[in-house]
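In what follows, a structure is listed as structure tokens, so that the remarks can point back to it.
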Amino acid sequence: MIRSRESKSAPVGVVTKVLRILEALHAAPAGLQLKDVAQQTGINKSTAYRFLAHLEHEGYVFRDSSGAYAIGVRLARLASGASYQTTLRKLSRPILQQLWRTTGETVNLGVLDGREVLYMDVMESSHTFRLVSQVGLRRPVYCTALGKAMLAYIPEEELPYFFSGLTFERFTPHTLKSVTQLRKDIAAIQQRGYSIDNEEAYLGSRCVAAPIFDSMGKIAAALSVSGPTTRVTREQVPLFGRAAKNAAAAISRTLGYALPEKLEARGQIVAMAAAR
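Under this note's numbering, residues 2 to 277 are what the sequence shown spells out, in order.
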């Protein structure tokens, strides 16, 4: 019986220590060095390092180039919970509706959930032949424009978590095959400001997506415009991309994000409507 009590109480001590570490990191948005974590929590450095290494591997914390630990995107998503997602959908809806009306194609809103994209809002095209999606759908990050748009703006220190669990299952002949290909795509996304799914998830469909940032400048979500390749042609991708970028920037502003530079005018979306 004594052994039973001891075995039951031991995990409680571990959980308490982990929670102390997370509370210390939450109180220090700029991050903490290992010695500071140990000092503030009263946990010896070797134990603190072991816990932090595991949390980092799981994506709950990340370590920057200076070696400081900070709350990771996975924990931030978990902490935000359903209330944040509801708020995000509510604030995004008018802008998504405008994008939907002016492009005439299916518009999606998604967030990262682990190594997958969770579709939070979907507005389907009114065309008979259209790409069908649904709220609650989950897809891998590497084969969707939504996923790649968010990965491109995740801190470099957090990318190993996402890369480590990717299987690169092939859904079409165009699906990316490796981390090397994905990194190359991410670099291109960072240059142009939007991502492209060129028949990587479904044959005959093309999708462009742009990132949405929160008030802290961190990636919060992404929106996309998708449709059949006969309407979302290669030649029109830049136009769809600009429209997606401007809509995403508008949502970012509603979330309190101060854009680092002036983006292209809202007229880009209107221009797309006139072109269709």
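We put the beta carbon where it would ideally sit given N, CA and C, even for glycine. Predicted model, so just to flag it, every value in this text is computed and none were measured.
* Asked: If you scan the stretch 96 to 170 from start to end, which runs of the beta strand (DSSP E) of 3 or more residues do you find wholly inside it?
  -> Entirely contained in the stretch 96 to 170, the beta strand (DSSP E) runs reaching 3 residues are, in chain order, 107 to 114, 117 to 124 and 139 to 141.
* **Contacting residues, own chain, Cβ-Cβ under 8 Å from G257 (five flanking each side not counted)** => Non-local beta-carbon contacts of G257 in its own chain, meaning distances under 8 Å to residues more than five positions away in sequence, involve D215 and S216 in chain order.
* Asked: Of the choices S165, K178 and S227, whose alpha-carbon is the least far from that of E59?
  -> That would be S165, whose Cα lies nearest to the Cα of E59.
* For I190, the first and last residue of its enclosing beta strand (DSSP E) -> Element bounds for I190: not the beta strand (DSSP E) but the alpha helix (DSSP H), V180 to R193.
* Asked: So V233 is in the beta strand (DSSP E); what residue range does that whole segment cover?
  -> Segment: none, V233 is in no beta strand (DSSP E) and carries neither H nor E.
* First and last residue of the uninterrupted beta strand (DSSP E) at F214 -> According to the DSSP assignment, F214 belongs to the beta strand (DSSP E) that extends over S206 to F214.
* Asked: Per DSSP, what kind of secondary structure is S93 in: helix, strand or coil?
  -> Correct three-state label for S93: helix.
* Asked: Straight-line CA distance for Q182 to H175?
  -> Looking at the backbone, the Cα of Q182 and that of H175 are separated by about 11 Å.
* **C-alpha gap between A248 and K46, whole angstroms** => Between A248 and K46, the alpha-carbon positions lie close to 46 Å from each other.
* Candidates V226, A245, Q237 and I252, of which the one nearest S124 by Cα -> The sequence given here has Met at residue 124, not Ser. With distances taken between Cα atoms, M124 lies closest to V226.
* Just reading off the alpha helix (DSSP H) that F52 is part of, what are its end residues? -> Run containing F52: K46 to H58, per the alpha helix (DSSP H) assignment.
* **L119 to S93 span [Cα, whole Å]** => Straight-line Cα distance between these residues: approximately 16 Å.
* Would you check if there are 3 or more beta carbon pairs closer than 8 Å linking the stretch 134 to 142 to the stretch 106 to 114? => Taking 8 Å as the limit for Cβ pairs, the verdict is that the stretch 106 to 114 does touch the stretch 134 to 142.
* From what residue to what residue does the beta strand (DSSP E) around D198 run? -> Its beta strand (DSSP E) spans residues S196 to N199.
* **As assigned by DSSP and simplified to three states, the class of S225** => In the structure shown, S225 sits in a strand (DSSP, three-state: E or B).
* Asked: Would T17 be called buried (16 or more neighbouring beta carbons within 10 Å of its own) or exposed?
  -> Answer is exposed; the Cβ neighbour count stays below 16.
* Taking the CB atoms as reference points, tell me whether P141 and T168 lie closer together than 9 Å. => In this structure, T168 lies closer than 9 Å to P141 by Cβ.
* Apart from the five residues on each side of it in sequence, which residues of its chain come closer than 7 Å, Cβ to Cβ, to R193? -> Exclusion of the five residues before and after R193 leaves G242 as the residues of its chain whose Cβ lies within less than 7 Å of its Cβ.
* Asked: Looking only at its own chain, which residues have a Cβ that is under 8 Å from the Cβ of S127, when we skip the five neighbours before and after it?
  -> In its chain, beyond the 5 residues on either side, G105 have a beta carbon closer than 8 Å to the beta carbon of S127.
* **Distance CB(A210)-CB(S253) smaller than 9 Å** => Cβ atoms of A210 and S253: not closer than 9 Å.
* **First through last residue of the alpha helix (DSSP H) which encompasses A39** => L35 to T42 is the span of the alpha helix (DSSP H), which, as asked, contains A39.
* Following the continuous beta strand (DSSP E) through A25, name the residue where it begins and the one where it ends. => Where A25 is concerned, there is no enclosing beta strand (DSSP E), although the alpha helix (DSSP H) around it starts and stops at I3 to H27.
* **Cross-strand partners of R64 (DSSP beta bridge)** => Under DSSP, R64 forms a beta bridge with Y70.
* How about Y70 and L100: are their beta carbons less than 9 Å apart? -> No, Cβ-Cβ distance for Y70 and L100 is not below 9 Å.
* To do: Just confirm the distance between the C-beta atoms of P156 and F52, as a whole number of angstroms; I'd bet it's less than 8 Å.
  => Not quite, the Cβ-Cβ distance comes to about 20 Å (not below 8 Å), so this is no contact.
* Would you call T42 buried or exposed, if buried means 16 or more other Cβ atoms sit within 10 Å of its Cβ? -> Classification of T42: buried, given that the 10 Å Cβ count is 16 or more.
* To do: Could you say which of I72, K246, L23 and Y143 lies nearest to S179 if we only look at CA atoms?
  => Among I72, K246, L23 and Y143, the Cα nearest to that of S179 is on Y143.
* For L113, I'd like the list of residues in its chain whose CB is within less than 6 Å of its CB, leaving aside the five on either flank, ordered along the chain. => M151, listed in sequence order.
* Figure out for me which residue from Q237, G205 and A223 has the closest Cα to the Cα of T230. => When C-alpha distances from T230 are compared across Q237, G205 and A223, the shortest belongs to G205.
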